[in-house]
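With numbering that gives the first Met the number 0, letter number 78 in the sequence shown gets 77, and the count goes up by one each step, no holes.
Virtual Cβ for every residue (Gly too), placed ideally from N, Cα, C.
A quick write-up on the structure given underneath.
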Amino acid sequence: METNGTGTTAPLRDVLAAARFAAERHKNQRRKGESAEPYVNHLLEVADLISQATPDPDPIVLMAALLHDVVEDAGVTSAEIAEQFGDAVASMVDEVTDDKSLPKAVRKQKQVEHAPHLSAGAQLIKLADKISNLRGVMHNRPVGWDEPRCREYFEWAKRVISGMRAPNPTLLAEFEAVYSQYRREA
Numbered sequence: 000m001e002t003n004g005t006g007t008t009a010p011l012r013d014v015l016a017a018a019r020f021a022a023e024r025h026k027n028q029r030r031k032g033e034s035a036e037p038y039v040n041h042l043l044e045v046a047d048l049i050s051q052a053t054p055d056p057d058p059i060v061l062m063a064a065l066l067h068d069v070v071e072d073a074g075v076t077s078a079e080i081a082e083q084f085g086d087a088v089a090s091m092v093d094e095v096t097d098d099k100s101l102p103k104a105v106r107k108q109k110q111v112e113h114a115p116h117l118s119a120g121a122q123l124i125k126l127a128d129k130i131s132n133l134r135g136v137m138h139n140r141p142v143g144w145d146e147p148r149c150r151e152y153f154e155w156a157k158r159v160i161s162g163m164r165a166p167n168p169t170l171l172a173e174f175e176a177v178y179s180q181y182r183r184e185a
């Protein structure tokens, strides 16, 4: 991380650098819904959820939240993240990154199995990511997804989150609210 000239970290500058890096790497990506909103909106929502749910947001967690999909979706390596943003950020991104060489069903099962072992920061990211994704499925359903596929996604997300040891109470409450709203409306 950069310093502000006094030897202390400049967290805001670092978070903004991560946001810019993520936006550049995801610039040609869109969400799967009919509106095809820019993918960066998802990354910003994840970071925003975390910042609202924690009294003193950790810049490392916010940077990792903004970068959480660059390895999976944008061809960035963990080494590149470590070089630009530090080992702590890279490690947290690694915790929430799926191995795309595995079949989708295996990746999904691994998320369920791995949830109890996530660090506190990775739990924040995973929980905020699932909230954002569930909201997306509810309000801007991915093209080609029928109701059974949406329901299956919600139930899988619930299994992932249920496995967490100590999820953030504010984010957990939001997850439960979104999950319950979907169940009422489905």
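DSSP state of residue i mapped onto helix, strand, coil
i    : result
Q102 : Sequence check: residue 102 is Pro here, not Gln. Residue state, collapsed to three classes: coil.
G187 : Absent from the structure is residue 187, since the part of the chain shown begins at 0 and ends at 185.
G162 : coil
P58  : helix
R29  : strand
7 Å Cβ cutoff met for residue i and residue j
i    : j    : result
L170 : L126 : yes
A165 : K129 : no
R24  : V69  : yes
V14  : L43  : no
H41  : S131 : yes
A22  : V39  : yes
Environment of residue i [buried if 16+ CB atoms lie within 10 Å]
i    : result
G74  : exposed
A135 : Note that residue 135 is Gly in the sequence shown, not Ala. The residue in question, G135, is buried, as its Cβ has 16 or more Cβ neighbours within 10 Å.
S179 : exposed
L11  : exposed
Of the listed residues the options, nearest to residue i (C-alpha basis)
i    : options                  : result
R150 : E184, A52, A176 and A78  : E184
H67  : P10, A18, E146 and S161  : A18
R182 : Y152, N167 and M163      : Y152
I59  : A81, F174 and R134       : A81
K163 : W144, H113, A89 and D145 : Contrary to the premise, residue 163 reads as Met rather than Lys in this sequence. The shortest Cα separation from M163 among W144, H113, A89 and D145 belongs to H113.
R106 : N40, L11 and V159        : V159
L117 : N167, A172 and S77       : N167
Just checking, does the segment 116-125 make contact with the segment 78-94 on the three C-beta pairs under 8 Å criterion?
Result yes; three or more Cβ-Cβ pairs closer than 8 Å.
- Message: With a threshold of 8 Å, are at least 3 pairs of Cβ atoms found where one atom belongs to the segment 130-150 and the other to the segment 22-41?
- Response: Three or more Cβ pairs drawn from the segment 130-150 and the segment 22-41 lie within less than 8 Å of each other, which places the two stretches in contact.
* Asked: Do the segment 45-59 and the segment 99-106 meet, that is, are 3 or more Cβ pairs less than 8 Å apart?
  -> Output reads no: the segment 99-106 does not touch the segment 45-59.
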